[in-house]
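Numbering (the numbering used here), first residue to last: 1440 to 1669.
Just so it is clear, CB atoms sit at the ideal spot from N, CA and C, and this is done for glycine as well.
Predicted model only: the values in this text are computed from it and were never measured.
Working notes for the structure below.
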């Protein structure tokens, strides 16, 4: 499903920090299958404000922290099951290791899916110190930057200090190698947007790290996200 050749050290950039923009992750047919069958069930609403950022979105587990199991696999299309298997594969770990410069072959991996509907956003932040590398992957068939919902690579904590912008179109992705300078955000999806911004994050952690998305004993009700397809 994933064209591992695209996840290459050649894509790595050093300005304003170490990161990579990667496109053409799938064949056209696979890209269409993934975008057309993006999951809608088993999501929870995540919203709030911490010392660094404001956030508001819908999240679903795909691969739990440190496991090679697929959550709610019976609800996934064949394309999504294949993508999840690729993300759990040694080949994906090897490609991400070569790109990032970290040995990720045994690093705990967590994969989550997201819907960002009208008004949803993720404020400027650097990732938690427990994270090593995050691969943010996108699944909208098309998107207009005027509607928000773009990943912004920032030079500082100022949301206007944008170095690069990634549209959430299927096949596009970005790798963020965590540092004290790795500021990034998701611009606010405009009110009245007729569809949701759809994404996945595959995050590699330091050993013995715990999930910040799914805390032990989390009993948040899960629900269906009724968002229109692009």
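- prompt: Is the segment 1455-1467 touching the segment 1602-1621 in the sense that three or more CB pairs, one from each, lie closer than 8 Å?
  reply: yes
field: Exposure label - residue 1523; buried when at least 16 CB within 10 Å
entry: In the chain shown, the residue the question calls residue 1523 occupies position 84. Result: buried.
message: Can you tell me whether residue 1567 is buried or exposed? The criterion is at least 16 other CB atoms within 10 Å of its CB, across all chains shown.
response: Counting from one through the chain shown, the residue named residue 1567 turns up at place 128. Residue 1567 is exposed by the Cβ-count criterion.
task: Could you tell me which of 1572, 1599 and 1553 sits nearest to residue 1634, measuring between CA atoms?
output: Taking the chain shown and counting its residues from 1, the one referred to as residue 1634 is at position 195. With distances taken between Cα atoms, residue 1634 lies closest to 1553.
Segment limits, beta strand (DSSP E) that includes residue 1612: Numbered from its first residue, the chain shown carries residue 1612 at position 173. Taken as a continuous stretch (DSSP letters only), the beta strand (DSSP E) holding residue 1612 covers 1612-1616.
message: I'd like to check one pair, residue 1506 with residue 1512: are the Cβ atoms closer than 7 Å?
response: Mapped onto the chain shown, residue 1512 falls at position 73. Mapped onto the chain shown, residue 1506 falls at position 67. Going by C-beta atoms, residue 1512 is not nearer than 7 Å to residue 1506.
message: Less than 7 Å between the C-beta atoms of residue 1473 and residue 1518, yes or no?
response: Residue numbering aside, residue 1473 sits at position 34 when the chain shown is read from its first letter. Residue numbering aside, residue 1518 sits at position 79 when the chain shown is read from its first letter. Yes. Within cutoff.
message: As a quick exercise: from 1562, 1604 and 1610, pick the residue whose alpha carbon is nearest that of residue 1627.
response: Here residue 1627 refers to the residue found at position 188 of the chain shown. Among 1562, 1604 and 1610, the Cα nearest to that of residue 1627 is on 1562.
message: Could you compute how far the alpha carbon of residue 1496 sits from the alpha carbon of residue 1585?
response: Working through the chain shown from its first residue, we reach residue 1496 at position 57. Working through the chain shown from its first residue, we reach residue 1585 at position 146. C-alpha separation (whole angstroms): 19 Å.
task: Report, in whole angstroms, the separation of the C-beta atoms of residue 1574 and residue 1640, which I expect to be a contact under 8 Å.
output: Position 135 of the chain shown, counted from the start, is the residue given in the question as residue 1574. Position 201 of the chain shown, counted from the start, is the residue given in the question as residue 1640. The Cβ separation is near 7 Å, so the contact holds.
- prompt: Should residue 1454 go down as buried or exposed, given a rule of 16 or more other Cβ atoms within 10 Å for buried?
  reply: Mapped onto the chain shown, residue 1454 falls at position 15. It counts as exposed.
message: Which same chain residues end up closer than 8 Å to residue 1414 when comparing Cβ atoms and leaving out the 5 residues on each side of it in sequence?
response: Residue 1414 lies beyond the stretch modelled for the chain, which goes from 1440 to 1669, so this question has no answer here.
field: residue 1563 - DSSP class collapsed to helix/strand/coil
entry: Residue mapping note: residue 1563 aligns to position 124 of the chain shown, counting from 1. Residue state, collapsed to three classes: strand.
field: Reference residue 1653; option with closest CA among 1533, 1504 and 1514
entry: Along the chain shown, one-based indexing puts residue 1653 at 214. Looking at the Cα atoms, 1504 is the closest of the given residues.
field: Beta-carbon proximity check, residue 1588 vs residue 1636, cutoff 7 Å
entry: Taking the chain shown and counting its residues from 1, one reaches residue 1588 at position 149. Taking the chain shown and counting its residues from 1, one reaches residue 1636 at position 197. Yes; because the gap between Cβ atoms is below 7 Å, this pair is in contact.
Contact set for residue 1477: own chain, Cβ-Cβ below 6 Å, skip 5 residues either direction: Position 38 of the chain shown, counted from the start, is the residue given in the question as residue 1477. Result list for residue 1477: 1578 and 1637, in chain order.
field: Buried or exposed by the 16-neighbour rule on C-beta atoms within 10 Å, applied to residue 1631
entry: Looking up residue 1631 in the chain shown gives position 192. Exposed is the call here.
query: From residue 1480 to residue 1604, what does the alpha carbon distance come to, in whole angstroms?
result: Here residue 1480 refers to the residue found at position 41 when the chain shown is read from its first residue. Here residue 1604 refers to the residue found at position 165 when the chain shown is read from its first residue. Roughly 29 Å separates the two Cα atoms.
- request: Return helix, strand or coil for residue 1388, following the three-state DSSP convention.
  value: As shown, the chain starts at 1440 and ends at 1669. That puts residue 1388 outside it, with no answer to give.
query: Taking Cβ positions, are residue 1643 and residue 1571 nearer each other than 7 Å?
result: In the chain shown, the residue the question calls residue 1643 occupies position 204. In the chain shown, the residue the question calls residue 1571 occupies position 132. Contact flag set, yes.
task: Give me the Cα-Cα distance between residue 1607 and residue 1623, rounded to the nearest whole angstrom.
output: Walking along the chain shown from the start, residue 1607 turns up at place 168. Walking along the chain shown from the start, residue 1623 turns up at place 184. If I take the Cα positions, the gap works out to 14 Å.
task: Could you tell me the boundaries of the beta strand (DSSP E) in which residue 1465 lies?
output: As a position in the chain shown, residue 1465 is number 26, starting the count at 1. Run containing residue 1465: none; DSSP gives neither H nor E here.
message: Less than 7 Å between the beta carbons of residue 1609 and residue 1470, yes or no?
response: Taking the chain shown and counting its residues from 1, one reaches residue 1609 at position 170. Taking the chain shown and counting its residues from 1, one reaches residue 1470 at position 31. A contact, by the Cβ cut-off of 7 Å.
task: Return helix, strand or coil for residue 1624, following the three-state DSSP convention.
output: Counting from 1 along the chain shown, the entry for residue 1624 is found at position 185. Residue 1624 falls in the strand class under three-state DSSP.
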